[in-house]
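Participant:
Residue numbers (full-length UniProt numbering): 1 to 61.
(1) Which residue from 16, 3, 59 and 56 puts its Cα closest to that of residue 41?
(2) Hey, residue 53 and residue 21: beta-carbon distance below 8 Å or not?
(3) Give me the DSSP bridge partner(s) of residue 31.
(4) Tell me whether residue 50 sits in a helix, a strand or coil according to DSSP, three-state version.
(5) Nearest to residue 2 by alpha carbon, out of 19, 26 and 44?
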């Protein structure tokens, strides 16, 4: 059984970015791309926020 973080199609960019922070802290096996029904937009939001947060955490070490 895997833990995953999901969502709905009517989320906003801000809620998607917040969920990225929760996912980085909770480390689920999967995280659904959001917001919206499209793939590219949600993937870019999640990917960019994950990389931005990881880079920020690395500078604090």
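No residue lacks a Cβ here, since even glycine has one placed at the ideal position from N, Cα and C.
Facilitator: Put simply:
(1) 16
(2) yes
(3) 5
(4) helix
(5) Selected option, being the one with the closest Cα: 26.
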